[in-house]
Amino acid sequence: MKKAVSIIVMIIMNILMISDVKACEMSYD
């Protein structure tokens, strides 16, 4: 169970980081 939770957390963190990068790129335009 703990492994699945940590994997989900990692995926969520990756999505947040990607969306943050996209937001930064958009604000630079």
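For the sequence shown, my numbering assigns the number 30 to the last residue and increments by one with no breaks. C-beta: ideal position from N, C-alpha, C; glycine also.
Collapsed DSSP secondary structure at residue i in the structure displayed
i, result
"M27", "helix"
"M18", "helix"
"M11", "helix"
Cβ of residue i within 8 Å of any chain C Cβ
i, result
"V6", "Of the protein chains in this structure there is only one, and it is not chain C."
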